[in-house]
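Numbering (my numbering), first residue to last: 51 to 270.
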């Protein structure tokens, strides 16, 4: 269970988000080949993920035990139109989602005070969690307002890039490929904030949850 209350948004009929005409593609770091964009890729959804990265103490080090996060639709705030989209995870990380906020934090955020004020979260989309598939811990993204195979995607990490900013604090940027489900063919986790564990641990088998936020791009 998340150590914070998820936003209780007003009930609305779910509609597929209308991607803005300038919502092109995620902007990947230059001078690297780990994260790539397939020719003809199309953006389906852009979401803010807010949750925790889970770890287990194994042989003196924290090892990943998956993650749990809520996903919020920010498809109307594409990076190509709204460069300060990258500031949203950092701001969200310091915010407790409770009640029914209409916006992300209205207070100043370092370097992007006015941008964060206008970053409206449209709606709750669904959940991100991990499941066991043939004994392998597998990430799943599950939207609540879609029926059938398009409701979810089980994915596998195909690219992992240390965060360009504070990699010891922020979890890596990822590229994930569809394994099953039709929600997306490729998922990117970008602009991460938080989530990294301490460098060592002492009690074998103990667990740790570290809060994080990120921007997720779901591509057709």
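For glycine and all other residues, C-beta sits at the position ideal for the given N, C-alpha and C.
Query                                                                                                                            : Result
Beta strand (DSSP E) segment containing residue 121, residue limits                                                              : 111 to 123
Cβ pair residue 187, residue 180 closer than 8 Å                                                                                 : yes
Local Cβ density within 10 Å of residue 88, reported as buried at 16 or more and exposed below that                              : exposed
Local conformation of residue 265 per DSSP, three classes                                                                        : strand
CB contact flag (residue 226, residue 200, <8 Å)                                                                                 : no
Assigned exposure category for residue 141 - 16 Cβ within 10 Å defines buried                                                    : buried
Bridge partners - residue 104, DSSP secondary structure assignment                                                               : 259
Within 8 Å, strictly: CB atoms of residue 99 and residue 205                                                                     : no
Exposure label - residue 119; buried when at least 16 CB within 10 Å                                                             : buried
Buried or exposed by the 16-neighbour rule on C-beta atoms within 10 Å, applied to residue 111                                   : exposed
Whole-Å CB distance - residue 93 paired with residue 105, under 8 Å assumed                                                      : So it is not a contact: roughly 31 Å between Cβ atoms.
CB of residue 97 within 8 Å of CB of residue 121, strictly                                                                       : yes
Residues that DSSP places opposite residue 236 in a beta bridge                                                                  : 227, 269
Cut-off 8 Å between Cβ atoms - residues of its own chain near residue 90, not counting five sequence neighbours on either side   : none
Beta-carbon contacts of residue 78 that lie in its chain and below 7 Å, excluding the five residues immediately before and after : 85, 87
C-alpha gap between residue 224 and residue 240, whole angstroms                                                                 : 7 Å
C-beta atoms of residue 260 and residue 247 nearer than 8 Å                                                                      : yes
Which of helix, strand or coil DSSP assigns to residue 254                                                                       : coil
Where the alpha helix (DSSP H) through residue 141 begins and ends                                                               : 138 to 143
Alpha carbon of residue 219 to alpha carbon of residue 242, nearest angstrom                                                     : 9 Å
Option nearest residue 184 by Cα separation, candidates 174, 269, 101, 229                                                       : 229
Cut-off 6 Å between Cβ atoms - residues of its own chain near residue 267, not counting five sequence neighbours on either side  : 76, 96, 238
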